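K.L.:
In numbering that gives the first Met the number 0, the protein residues as written are 0 to 261.
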Amino acid sequence: MNDLISLTIWCPICNKSLMNKEKLIDGKPSVELKISDNGNKGTIWLSSYYGSYNIDSDIEIKQDQQYKFNCPHCEKQITSPIKCEDCSSPMVPLNIEGIGIVKICSKQGCKHHTIEVEDLEYLDYFKVKKEMLESGTYLRTFCPHCHKSNAEGNVVRFIVTNQKDETGDLMLSPYLNLFTNKSTIDIPEGEIAKDVKCPTCEKSLIVVDKKCEICESQVVGLEVAAVTKLIDFFFCAKKGCHWHGLDADDMESVLLEDSSAW
Numbered sequence: 000m001n002d003l004i005s006l007t008i009w010c011p012i013c014n015k016s017l018m019n020k021e022k023l024i025d026g027k028p029s030v031e032l033k034i035s036d037n038g039n040k041g042t043i044w045l046s047s048y049y050g051s052y053n054i055d056s057d058i059e060i061k062q063d064q065q066y067k068f069n070c071p072h073c074e075k076q077i078t079s080p081i082k083c084e085d086c087s088s089p090m091v092p093l094n095i096e097g098i099g100i101v102k103i104c105s106k107q108g109c110k111h112h113t114i115e116v117e118d119l120e121y122l123d124y125f126k127v128k129k130e131m132l133e134s135g136t137y138l139r140t141f142c143p144h145c146h147k148s149n150a151e152g153n154v155v156r157f158i159v160t161n162q163k164d165e166t167g168d169l170m171l172s173p174y175l176n177l178f179t180n181k182s183t184i185d186i187p188e189g190e191i192a193k194d195v196k197c198p199t200c201e202k203s204l205i206v207v208d209k210k211c212e213i214c215e216s217q218v219v220g221l222e223v224a225a226v227t228k229l230i231d232f233f234f235c236a237k238k239g240c241h242w243h244g245l246d247a248d249d250m251e252s253v254l255l256e257d258s259s260a261w
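1) With a cut-off of 8 Å on the beta carbons, I'd call ARG139 and VAL223 a contact; round off their distance for me.
2) Please work out which residues of its chain come closer than 6 Å, Cβ to Cβ, to PHE141, disregarding the five sequence neighbours upstream and downstream, and give them in chain order.
3) What separation, rounded to the nearest whole angstrom, lies between the Cα atoms of LYS210 and ILE158?
4) Pick out whichever of PRO80, CYS86, PHE233 has its Cα sitting closest to the Cα of HIS111.
5) Name the one or two DSSP bridge partners that LYS196 has.
6) Output yes or no for whether 8 Å exceeds the beta carbon distance between LYS67 and ILE12.
7) Round the Cβ separation of PHE233 and VAL206 to the nearest angstrom and send it over; I've been treating them as touching at under 8 Å.
8) Is the separation between the beta-carbon of ASN39 and that of SER46 shorter than 8 Å?
9) For a test of the three-state rule: what should DSSP assign to GLN217, helix, strand or coil?
10) Hey, how far is the Cα of GLU201 from the Cα of HIS144?
11) Is the stretch 55 to 74 touching the stretch 14 to 23, taking contact as three or more C-beta pairs under 8 Å?
12) Determine, using beta carbons only, whether SER105 and PRO89 come nearer to each other than 8 Å.
Now the structure itself:
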């Protein structure tokens, strides 16, 4: 996760830090805000990684529900007259330390967001630095056998078998270099999955004649949408190994495919 953009966020009203060093999301200090809807009030913690939508809250967060956000320090509502281009909900502006402003949609489940860079030095930084752009890239993945997408909402789902021959679901983040995962069976750190299958056609995605270039474990093969074609995409079947097989040319094509989100 070292390749991701971790933003330091401040309240645009009182200019106090919204970072909570005790509450970690994606292994980093989270962005803390007060949240409310019709009668429900609580606290929400957002991932500080640009491109990650992982959150935690002490109240139930309902899909497609519009929420109000308040600063935990000055308690004033953080809102904007700007409406979301995708769902018309109010946008929530937050200051990025030393860079500019990020606006996120106030509707749960809507991923529309914008960054306004005030310093031209950082404009180049956001557009050019590969380690930043690569991490926020949403991978549109497809099975190489049935060509169906295995993305379900904000996860990519597989059928996985561990070394004990137990079978269950494996859920991975669809964002390149965001290594969050969850499975319904026990897969210890460092264990190589015995098999990984497409949840639609149930055919194995293990590539017989290819090995991980870091640990030489077996790899999983998918197709990833690029600008004009589908690109072969491989990732290591060993839990904890973060190797993937996109070269520089393929990476550029995938970044262009995802560029409308920036």
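Just so you know, even glycine gets a beta-carbon here, dropped at the ideal spot from N, CA and C. As the structure is a prediction and not an experimental result, all values here were calculated from the model.
P.N.:
In brief:
1) 7 Å
2) SER148, GLU222
3) 20 Å
4) CYS86
5) ILE158, SER203
6) no
7) 6 Å
8) no
9) strand
10) 9 Å
11) yes
12) yes
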